[in-house]
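Just so you know, the sequence shown maps onto residues 362 to 518 in our numbering. Backbone N, C-alpha and C fix where the C-beta goes; we use that ideal spot for every residue, glycine too.
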Amino acid sequence: MDARLNYFASPTAGKALKHFMSAGKALKDSPLPAPTQELVALRVSQINGCAVCIDMHTKEAAAAGETSVRLNLVAAWREATVFTEAERAALALAEEGTRVADAAGGVSDQVWAYAAKHYDEEQLTALVILVSFMNTANRLNIITQQPAGNYEPGQFH
362 MDARLNYFAS PTAGKALKHF MSAGKALKDS PLPAPTQELV ALRVSQINGC AVCIDMHTKE
422 AAAAGETSVR LNLVAAWREA TVFTEAERAA LALAEEGTRV ADAAGGVSDQ VWAYAAKHYD
482 EEQLTALVIL VSFMNTANRL NIITQQPAGN YEPGQFH
């Protein structure tokens, strides 16, 4: 599969994505735990069907020491016993934040309260921005059919 657009060759994409990637770096440096960030990025990408982001975040998480068991169970996290309560809260928020068009109410008060029980305001801020960031990244990649499989950990950091 060939990508419809080459973001690296486009002056417009270069200007815009420079700022977009800066936002990604700010999120990486946030107080939201790095393993949680990768699990959330992976789950959002699974929901959206973004192969290139699934490839990237699976490999980044594995390189950071995440186990294959946990990575393989992200899609079925509700039935898995390998996630902490805090991670479950983050994954629930990520799902409802990604499926806003499917759920008339957006993120429910229950899911928000569950996340707020486990994360402080700065971590919640990073979590909300991360979910939004990943949804944007997924759409950029899906619309242009960016191919997956060749990502190397650290490639964009």
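- Between Val489 and the set Leu501, Val461, Glu427, Ala423, the nearest pair of CA atoms involves Val461.
- With contacts defined by Cβ atoms closer than 8 Å, Leu400 and Val435 form a contacting pair.
- Rounded to whole angstroms, the Cβ separation of Asn499 and Cys414 is 6 Å, and the two are in contact under 8 Å.
- Linking Lys420 to Arg365 through their CA atoms gives a straight-line distance of about 24 Å.
- In terms of Cα proximity to Leu454, the closest of Ser383, Trp438, Asp416 is Trp438.
- With a beta-carbon spacing of about 12 Å, Ile504 and Gly410 fall beyond the 8 Å limit used to define contacts.
- The alpha-carbon of Thr486 is positioned some 12 Å away from that of Trp473.
- Separation of the CB atoms of Thr445 and Val405 is rounded to 19 Å, and the pair is thereby denied contact status at 8 Å.
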